[in-house]
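Participant: What follows is a single structure, and I will ask about it in a moment.
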Amino acid sequence: MYRYDQFDAEFVAGRVAQFTDQVERRISGELSEDQFRPLRLMNGLYLQLHAYMLRVAVPYGTMNSTQLRKLAHIARTYDRGYGHFTTRQNIQFNWPRLDDVPQILSELASVEMHAIQTSGNCIRNVTTDQFAGAAADEIIDPRPVAEIIRQWSSLHPEFSFLPRKFKIAITGAPNDRAAIKFHDIGLMAQQDEQGKVGWAVYVGGGMGRTPMVAKEISPFVPHSDLLAYLESILRVYNRYGRRDNKYKARIKILVHEEGLATLREQVESEFLQVRGGVLNLPDDELSRIKAYFAPPAFKDSDARFDLAALKVSDPEFARFVLHNTNQHAQAGYTSITISLKPVGGVPGDATDAQMEVVADLAQRFSFDELRVSHEQNLVLPHVAIDDVRAVYEALNGAGLGEANVGQITDMIVCPGLDYCALANARSIPVAQEISRRFGSARRQEEIGDLKIKISGCINACGHHHAGHIGILGVEKRGTELYQITVGGNAGENAAIGNILGRGIVAEEVPDAIEQLVEIYLKARSGAEENFLGTLKRVGEAPFREALYGND
Amino acid sequence: MEIVTANELISGATVYFLTEGCWGADIDRARVFQSEENAERDRVIKRANASGFLISVERETVRVAKGRVLANRLRERIRAEGPTAPRHRPQKPDIHNAVEFSHVSL
Numbered sequence: 001m002y003r004y005d006q007f008d009a010e011f012v013a014g015r016v017a018q019f020t021d022q023v024e025r026r027i028s029g030e031l032s033e034d035q036f037r038p039l040r041l042m043n044g045l046y047l048q049l050h051a052y053m054l055r056v057a058v059p060y061g062t063m064n065s066t067q068l069r070k071l072a073h074i075a076r077t078y079d080r081g082y083g084h085f086t087t088r089q090n091i092q093f094n095w096p097r098l099d100d101v102p103q104i105l106s107e108l109a110s111v112e113m114h115a116i117q118t119s120g121n122c123i124r125n126v127t128t129d130q131f132a133g134a135a136a137d138e139i140i141d142p143r144p145v146a147e148i149i150r151q152w153s154s155l156h157p158e159f160s161f162l163p164r165k166f167k168i169a170i171t172g173a174p175n176d177r178a179a180i181k182f183h184d185i186g187l188m189a190q191q192d193e194q195g196k197v198g199w200a201v202y203v204g205g206g207m208g209r210t211p212m213v214a215k216e217i218s219p220f221v222p223h224s225d226l227l228a229y230l231e232s233i234l235r236v237y238n239r240y241g242r243r244d245n246k247y248k249a250r251i252k253i254l255v256h257e258e259g260l261a262t263l264r265e266q267v268e269s270e271f272l273q274v275r276g277g278v279l280n281l282p283d284d285e286l287s288r289i290k291a292y293f294a295p296p297a298f299k300d301s302d303a304r305f306d307l308a309a310l311k312v313s314d315p316e317f318a319r320f321v322l323h324n325t326n327q328h329a330q331a332g333y334t335s336i337t338i339s340l341k342p343v344g345g346v347p348g349d350a351t352d353a354q355m356e357v358v359a360d361l362a363q364r365f366s367f368d369e370l371r372v373s374h375e376q377n378l379v380l381p382h383v384a385i386d387d388v389r390a391v392y393e394a395l396n397g398a399g400l401g402e403a404n405v406g407q408i409t410d411m412i413v414c415p416g417l418d419y420c421a422l423a424n425a426r427s428i429p430v431a432q433e434i435s436r437r438f439g440s441a442r443r444q445e446e447i448g449d450l451k452i453k454i455s456g457c458i459n460a461c462g463h464h465h466a467g468h469i470g471i472l473g474v475e476k477r478g479t480e481l482y483q484i485t486v487g488g489n490a491g492e493n494a495a496i497g498n499i500l501g502r503g504i505v506a507e508e509v510p511d512a513i514e515q516l517v518e519i520y521l522k523a524r525s526g527a528e529e530n531f532l533g534t535l536k537r538v539g540e541a542p543f544r545e546a547l548y549g550n551d
Numbered sequence: 001m002e003i004v005t006a007n008e009l010i011s012g013a014t015v016y017f018l019t020e021g022c023w024g025a026d027i028d029r030a031r032v033f034q035s036e037e038n039a040e041r042d043r044v045i046k047r048a049n050a051s052g053f054l055i056s057v058e059r060e061t062v063r064v065a066k067g068r069v070l071a072n073r074l075r076e077r078i079r080a081e082g083p084t085a086p087r088h089r090p091q092k093p094d095i096h097n098a099v100e101f102s103h104v105s106l
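Residue numbers (the working numbering), protein chains in the order written: chain A, 1 to 551; chain B, 1 to 106.
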């Protein structure tokens, strides 16, 4: 993985020193809260309901064991012994004190981490496929490009005060595991007729109160031109994005109001001015960055799983292999997803002890590499198939062996009203009840892959718009109500779910989900037809009727 | 009826303006302002904002039942009692700041 060079180290250390001074001046009263708020937000420090919240960047979701151990140490020393992994592949600490934050940032800097640009109207942490550099279906490892985008966007002088926050996601595989079409810019690797790799560029996606699926602005941008093309899009957005209305300031609104053709024309015009200049990405620079992401020293192996035999001899382990491993590009290896969704647990949370266990496993079994997925799980990207059982047993011992990845209990869930100052309703207890309701392995196997996503307000941090079943918490006259949507999809066939009807109270949500699941199980043409397939074939009417009768 | 609430600058903890005229974490001891006491309430808010030790100063509507002060909004009840799932205690305020807070008392 990427290692800081001297510039990076000095830049991050300088930022820690700067923020340390700002905190001291705030506490002494030299800075007012109005003066200090933008400064702390630039360093990922929010004020939530109960305390400050520090959001730490995990660049494109990639970490090593030293870094995860440091996060465990921070959780143990400065917080309450746990951290919350987010849909932006970051981690949040919910209880830090303001006077501890400079020391926390200093400790993070010692392992090449920081919290810069995890807030504010700037380009946020670039996210990518959690199996980048490992997946069998990958055209190209997107991490070198993600790293180059990170360097380009960090404290970019022109783009530090955009009309609104800006999120970029990138995938090197045709199967989109990074929800790229729900980002301001989504990049998907493509090969042209000569086999040359470049990027399809999508623009104007997003969730929130105005969900939009991104539109393709260019089918193919070569590597060498990518930064220039991104710069062109950002320049057009920076110039024409609406600063008069916070709710209309994202680039998706610009795309919607101006039209894709107009935006493309403006971007192409800018691109003509910018391309071939300082933003041109020479092959030797790309090669230099690529070297940081060279594949580890895999051993030759023809090991493979005999799933049929495992199902007989050890059905629990077979279930783990079936759901929690992903096909690796290297024969004899696999990627293991560590579910942070224990039945009845808090989705995305990991204790300091669990982080230590995962760090040990990464060091012993995954070439010291770790990933965070946007679905709030952790990943050991390179595990020899012969080692999977040892990893599974260690995970089970730490309460991390849940074999539910991609299933109904593997939910994306925002912190909701239990923590978030913006939320209208709680998300976590609703998720816990659904998880308990569908917790049995047999029940989950029967249902198959089904993605539920829960948000505690219209800002949609829980990606409810993209859930096969989405749940949105709202507040009406002091009561938490939950709207149910169906038909969302975060993948390459991205879609926004439709609301089925009026909101229901929290206690009714598990029953409602049960009813939707029952309709699906009865209506599906066979076990191979997933929820979205059935929904597409039979329409929403039977699902709506199941919840609301003939209202 | 309203109370005045804020977060401590350093700990971030939720605190309330108390009947004793200082700030603390126990909502049941919060000073409840009647509508005819709006001017007094606003003075508390103004002084709290000027104190330098409190941020996010807000007023919240409440009701009083059996000696307890109950916030009308669920958000504020969660803020007073901590996250519900799993249950966590609220952040502990800095006790030593009680003295400094006294200068915002009425």
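Every residue gets a Cβ at the ideal spot worked out from N, C-alpha and C, and that includes glycine.
Assuming F93 (chain A) and L54 (chain A) form a contact by the criterion Cβ under 8 Å, report the distance between their Cβ atoms to the nearest whole angstrom.
Facilitator: About 5 Å separates the two Cβ atoms, so the contact holds.
Participant: Would you identify the three-state DSSP class for E36 (chain B), choosing helix, strand or coil?
Facilitator: Helix.
Participant: Taking contact to mean 3 or more Cβ pairs, one atom from each stretch, closer than 8 Å, check whether the segment 36-46 of chain A and the segment 330-350 of chain A are in contact.
Facilitator: At 8 Å Cβ cutoff, the stretches do not touch.
Participant: Chain A beta carbons: is any one of them nearer than 8 Å to that of R93 (chain B)?
Facilitator: Residue identity differs from the one stated: residue 93 (chain B) is Pro in this sequence, not Arg. With 8 Å as the cut-off, P93 (chain B) does not count as an interface residue toward chain A.
Participant: What are the start and end residues of each continuous alpha helix (DSSP H) run of 4 or more residues lying completely inside the segment 414-486 of chain A, in chain order?
Facilitator: Counting whole runs of 4 or more residues, the segment 414-486 of chain A contains the alpha helix (DSSP H) stretches 428-437 and 441-447.
Participant: Could you check where the beta strand (DSSP E) with H84 (chain A) kicks off and where it finishes?
Facilitator: Per DSSP, H84 (chain A) belongs to the beta strand (DSSP E) from Y82 to F85.
Participant: Go to M355 (chain A), then tell me how far its alpha helix (DSSP H) extends in each direction, as first and last residue.
Facilitator: Residues D352 to F365.
Participant: Whole-angstrom Cβ separation of Y392 (chain A) and G401 (chain A), contact assumed at under 8 Å?
Facilitator: At roughly 6 Å, the Cβ-Cβ gap stays under 8 Å, so Y392 (chain A) and G401 (chain A) are in contact.
Participant: Rounding to the nearest angstrom, what Cα-Cα distance links P510 (chain A) and S218 (chain A) in this structure?
Facilitator: Looking at the two C-alpha atoms, the distance is approximately 43 Å.
Participant: Can you give me, in chain order, the residues of the segment 319-345 of chain A that have a beta carbon less than 8 Å from any beta carbon in chain B?
Facilitator: Residues: none.
Participant: Buried or exposed, going by whether 16 or more other CB atoms sit within 10 Å of the CB of R264 (chain A)?
Facilitator: Classification of R264 (chain A): buried, given that the 10 Å Cβ count is 16 or more.
Participant: Does DSSP put D5 (chain A) in a helix, in a strand, or in coil?
Facilitator: Three-state DSSP puts D5 (chain A) in coil, outside helix and strand.
Participant: What does A108 (chain B) reach in chain A if we use C-beta pairs closer than 8 Å?
Facilitator: No statement about residue 108 (chain B) is possible, as the shown extent of chain B runs from 1 to 106 and does not include it.
Participant: Run through DSSP, which three-state label would L400 (chain A) get?
Facilitator: DSSP places L400 (chain A) in coil when its eight states are reduced to three.
Participant: In angstroms with no decimal places, state the Cα-to-Cα distance between Y78 (chain A) and D99 (chain A).
Facilitator: Those two C-alpha atoms are separated by around 10 Å.
Participant: Using 8 Å as the limit for Cβ to Cβ distance, is D192 (chain A) near chain B?
Facilitator: Not closer than 8 Å to any Cβ of chain B, the Cβ of D192 (chain A) fails to qualify, so no.
Participant: According to DSSP, is N493 (chain A) helix, strand or coil?
Facilitator: Residue state, collapsed to three classes: coil.
Participant: Scan the segment 76-125 of chain A and note each continuous beta strand (DSSP E) run of 3 residues or more that stays entirely inside, going in chain order.
Facilitator: Entirely contained in the segment 76-125 of chain A, the beta strand (DSSP E) runs reaching 3 residues are, in chain order, 82-85 and 91-93.
Participant: What residue does the alpha helix (DSSP H) around L553 (chain A) start on, and which one ends it?
Facilitator: The structure shown does not extend to residue 553 (chain A), since chain A is modelled only from 1 to 551, so the question has no answer here.
Participant: Using only CA atoms, which one of B:T84, B:I27 and B:S51 lies nearest to E2 (chain B)?
Facilitator: The shortest Cα separation from E2 (chain B) among B:T84, B:I27 and B:S51 belongs to B:I27.
Participant: List, in order along the chain, the chain B residues whose C-beta lies closer than 7 Å to that of G456 (chain A)?
Facilitator: None at all; the shortest Cβ gap to chain B is about 11 Å.
Participant: Below 8 Å between beta carbons: does that hold for V56 (chain A) and T118 (chain A)?
Facilitator: Yes, they are a contact pair.
Participant: For N28 (chain A), count the other beta carbons within 10 Å of its own beta carbon; 16 or more makes it buried, fewer makes it exposed. Which is it?
Facilitator: Note on residue identity: the sequence assigns Ser, not Asn, to residue 28 (chain A). Flag for S28 (chain A) reads exposed.
Participant: For A39 (chain B), decide whether its Cβ has a neighbour in chain A, counting only Cβ atoms nearer than 8 Å.
Facilitator: Not closer than 8 Å to any Cβ of chain A, the Cβ of A39 (chain B) fails to qualify, so no.
Participant: Can you grab the Cα-Cα spacing for the pair H374 (chain A) / R31 (chain B), in whole Å?
Facilitator: So the alpha carbons of these two residues sit roughly 44 Å apart.
Participant: Note down the Cα distance separating S160 (chain A) from P144 (chain A), rounded to an integer number of angstroms.
Facilitator: Approximately 23 Å, taken between the alpha carbons.
Participant: Which one of A:G470, A:F166, A:G332 and A:A506 has the shortest CA to CA distance from R150 (chain A)?
Facilitator: R150 (chain A) has its Cα closest to that of A:F166, out of A:G470, A:F166, A:G332 and A:A506.
Participant: Quick check: A425 (chain A) and V474 (chain A), are their CB atoms within less than 8 Å of each other?
Facilitator: Contact flag set, yes.
Participant: In the DSSP assignment, the alpha helix (DSSP H) including E518 (chain A) goes from what residue to what residue?
Facilitator: Note, E518 (chain A): alpha helix (DSSP H), V509 to A523.
Participant: Taking 6 Å as the limit between beta carbons, can you name the residues of its chain near A303 (chain A), skipping five residues before and five after?
Facilitator: G332, I385 and D386, listed in sequence order.
Participant: What is the C-beta distance between R243 (chain A) and P157 (chain A), in whole angstroms, given that I count them as a contact (C-beta under 8 Å)?
Facilitator: Rounded, the Cβ-Cβ distance is 18 Å, inconsistent with contact.
Participant: Mind checking which residues open and close the beta strand (DSSP E) that includes Q376 (chain A)?
Facilitator: It is not in any beta strand (DSSP E) - Q376 (chain A) carries neither H nor E in the DSSP assignment.
Participant: Put T66 (chain A) into one of helix, strand or coil per three-state DSSP.
Facilitator: The answer is helix: DSSP assigns T66 (chain A) an H, G or I state.
Participant: Report back the beta-carbon spacing between A134 (chain A) and S335 (chain A) to the nearest angstrom; my notes put them in contact at under 8 Å.
Facilitator: That pair is a contact at about 5 Å.
Participant: DSSP three-state label for L45 (chain A), please.
Facilitator: Strand.
Participant: Of all the options A:Y52, A:Y2, A:E10 and A:P102, which has the alpha carbon lying nearest to the alpha carbon of V23 (chain A)?
Facilitator: Closest option to V23 (chain A), Cα to Cα, is A:P102.
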